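Asks: For what it's worth, our numbering labels the leading residue of the sequence shown as 91, then goes sequentially.
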Amino acid sequence: MKTEAIKKQFHELKSSFVAGNITEEEFRAQIKELLFQDDEGAYWAIGAKTEKWYRYDDGDWVPDSPPAALQPAGGEMRPPDIEEVPPVAAEKRVLGGRLVLGLASVLFLACLVVVAIVSFQLGRLSVVTTPAEDSPAPTVEVSETPALEPTAPPEATAPTLAPTQPESSPTRPPTATPEVPSHAPSPTLTFAPQPTATSVPTPQMRYSPPVLLEPDPGAERGPGYEAVLVWQPVGELRGDEYYHVEVCWNACSAFWGDYVRDTTWTFPWFRRGDAVDDKYYWHVTVRAQRGEAPAGPLDPPVSPPSETWIFLFPD
Numbered sequence: 091m092k093t094e095a096i097k098k099q100f101h102e103l104k105s106s107f108v109a110g111n112i113t114e115e116e117f118r119a120q121i122k123e124l125l126f127q128d129d130e131g132a133y134w135a136i137g138a139k140t141e142k143w144y145r146y147d148d149g150d151w152v153p154d155s156p157p158a159a160l161q162p163a164g165g166e167m168r169p170p171d172i173e174e175v176p177p178v179a180a181e182k183r184v185l186g187g188r189l190v191l192g193l194a195s196v197l198f199l200a201c202l203v204v205v206a207i208v209s210f211q212l213g214r215l216s217v218v219t220t221p222a223e224d225s226p227a228p229t230v231e232v233s234e235t236p237a238l239e240p241t242a243p244p245e246a247t248a249p250t251l252a253p254t255q256p257e258s259s260p261t262r263p264p265t266a267t268p269e270v271p272s273h274a275p276s277p278t279l280t281f282a283p284q285p286t287a288t289s290v291p292t293p294q295m296r297y298s299p300p301v302l303l304e305p306d307p308g309a310e311r312g313p314g315y316e317a318v319l320v321w322q323p324v325g326e327l328r329g330d331e332y333y334h335v336e337v338c339w340n341a342c343s344a345f346w347g348d349y350v351r352d353t354t355w356t357f358p359w360f361r362r363g364d365a366v367d368d369k370y371y372w373h374v375t376v377r378a379q380r381g382e383a384p385a386g387p388l389d390p391p392v393s394p395p396s397e398t399w400i401f402l403f404p405d
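(1) Please report the distance separating the alpha-carbon of Val320 from that of Asp306.
(2) Which same chain residues end up closer than 8 Å to Met295 when comparing Cβ atoms and leaving out the 5 residues on each side of it in sequence?
(3) Does DSSP put Gln99 in a helix, in a strand, or in coil?
(4) So, under 8 Å CB-CB, Pro156 and Trp143 are touching, yes? Tell me the CB distance rounded to an integer number of Å.
(5) In the DSSP assignment, the beta strand (DSSP E) including Arg145 goes from what residue to what residue?
(6) Could you tell me the alpha carbon to alpha carbon distance between Arg118 and Val301, rounded to whole angstroms?
(7) Tell me the DSSP secondary structure of Glu94 in three-state form.
(8) When you compare only the Cα positions, how much space is there between Tyr371 and Leu124?
(9) Report the option in Ile400, Asp154 and Lys97 whose CA atom is closest to the CA atom of Glu336.
(10) To the nearest angstrom, how far is the alpha carbon of Phe198 from that of Asn111?
(11) Phe401 by DSSP, collapsed to three states: which one?
(12) Take Glu130 as the anchor and find which of Ala341, Leu160, Gln211 and Gln322 has the nearest alpha-carbon.
(13) Once the 5 residues before and after Gly308 are set aside, which same chain residues still bring their CB inside 8 Å of it?
(14) Given this structure, state the Cα-to-Cα distance separating Ser209 from Leu191, to the nearest angstrom.
(15) Does DSSP put Cys342 in a helix, a strand or coil?
(16) Indicate the three-state DSSP secondary structure (helix, strand or coil) for Arg188 in the structure shown.
(17) Would you kindly report the start and end of the unbroken beta strand (DSSP E) that includes Ile112?
(18) Since Thr353 and Gln322 are thought to touch, with beta carbons under 8 Å apart, how far apart are those beta carbons, to the nearest angstrom?
(19) With Phe360 as the anchor, note down where its beta strand (DSSP E) starts and where it stops.
(20) Using only the alpha-carbon positions, how far apart do Met91 and Ile136 sit?
(21) How many Å lie between Phe100 and Val205 at the Cα?
(22) Roughly how many whole angstroms lie between the Cα atoms of Asp348 and Asp154?
(23) Ala138 to Lys98, Cα distance in whole Å?
(24) Between which residues of its own chain and Val366 is the CB-CB distance below 6 Å, once the five residues before and five after are set aside?
(25) Enumerate in chain order the residues of its own chain whose CB-to-CB distance from Tyr297 is below 8 Å, with the five nearest sequence positions on each side excluded.
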């Protein structure tokens, strides 16, 4: 049985549930029957909420792309029902990763602000205090000259010594005044490298923007047509890279997308007519997965986003 036919059967079943033709218990019971096996005996199923394919591997349901054809699961040994556990767990992992990344970013920015403020304040103190440390020098030297004057009066020649010593005291301040500007420029040199911000990382783009192929901009995909989005490959993707397809409507207040390695993706038919003006905007970006975390919109891009095209999908 082809996977496209299985996907269509799943959408028809979910449409009946959304329309109220079947109850939630009936919907879940029929979803459990949509269990299939490939030629190697691996089990496959579709998530009720995410509408993605999952493969049963070592006691857990893992998101994966199925082969072109599958067979209904047989035998008494069957894996546990997929239900909604894997999608919910994946969403929690994504949300947890986003929360941790967001908190780390806020903490990093706060540290940068604190370091900048402290550096600026220390620089201001160094500019203000260095002249103050140099300025007392002439006052200390002048204070020494009056100490010599009291020793002179007991001698008979004291009147001659008094005028000669004040002559030397004015000559000393000019020698100290050139030292003040010599120290003043030194604090200004410390401020030169501070305004430069070198800690902001820039993403490395390995690919050119994906080129969209179809549907043509403004093309209509009405009843009886599937909204199949197609774009050109940017090259051979690495093992941790994928295409992030994103569709939005109603002034981009609503979003829908997926993370695939193929160059085609089918927009869900049951979203037809959700847009008030029947216009859906879409674009594609190449992203690199971060470690063992599931693929998500916070993964760093390795290509600029493609152009944004519009297709009509009326009800």
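We treat Cβ as the ideally placed atom computed from N, Cα and C, and that holds for glycine.
Given the structure is predicted, the values throughout are model-derived calculations rather than measurements.
Replies: From the atom records:
(1) Val320 and Asp306: Cα-Cα distance of roughly 10 Å.
(2) Excluding positions up to five away in sequence, the list reads Pro391, Val392, Ser393 and Pro394.
(3) Residue state, collapsed to three classes: helix.
(4) Pro156 to Trp143, Cβ: 5 Å. Contact.
(5) Trp143 to Asp147 is the span of the beta strand (DSSP E), which, as asked, contains Arg145.
(6) When rounded, the distance between both Cα atoms is 40 Å.
(7) Annotated three-state conformation of Glu94 is helix, per DSSP.
(8) Between Tyr371 and Leu124, the C-alpha separation is close to 32 Å.
(9) Closest by alpha carbon: Ile400.
(10) Rounded to whole angstroms, Phe198 to Asn111 spans 52 Å at the Cα level.
(11) Phe401 sits in a strand when the DSSP states are folded into three classes.
(12) Out of Ala341, Leu160, Gln211 and Gln322, Leu160 has the C-alpha closest to the C-alpha of Glu130.
(13) A distance below 8 Å between beta-carbons, with the five flanking residues on each side excluded, links Gly308 to the following residues of its chain, in chain order: Ile400, Phe401 and Leu402.
(14) Approximately 27 Å between the Cα atoms of the pair.
(15) Looking at Cys342 - three-state DSSP - the assignment turns out to be coil, as it is neither helix nor strand.
(16) Three-state DSSP puts Arg188 in a helix.
(17) Here Ile112 belongs to no beta strand (DSSP E), and DSSP marks it neither H nor E.
(18) That belief holds up - the Cβ atoms of Thr353 and Gln322 are roughly 7 Å apart, short of 8 Å.
(19) Element bounds for Phe360: n/a, residue is neither H nor E.
(20) Each residue's alpha carbon lies about 15 Å from the other.
(21) Phe100 and Val205 have their alpha carbons spaced roughly 56 Å apart.
(22) Each residue's alpha carbon lies about 12 Å from the other.
(23) Cα to Cα, the separation comes out at about 13 Å.
(24) Non-local beta-carbon contacts of Val366 in its own chain, meaning distances under 6 Å to residues more than five positions away in sequence, involve Asn340 in chain order.
(25) Counting only Cβ-Cβ distances below 8 Å, and skipping sequence neighbours, we find Val324, Gly325, Val376, Val392 and Ser393.
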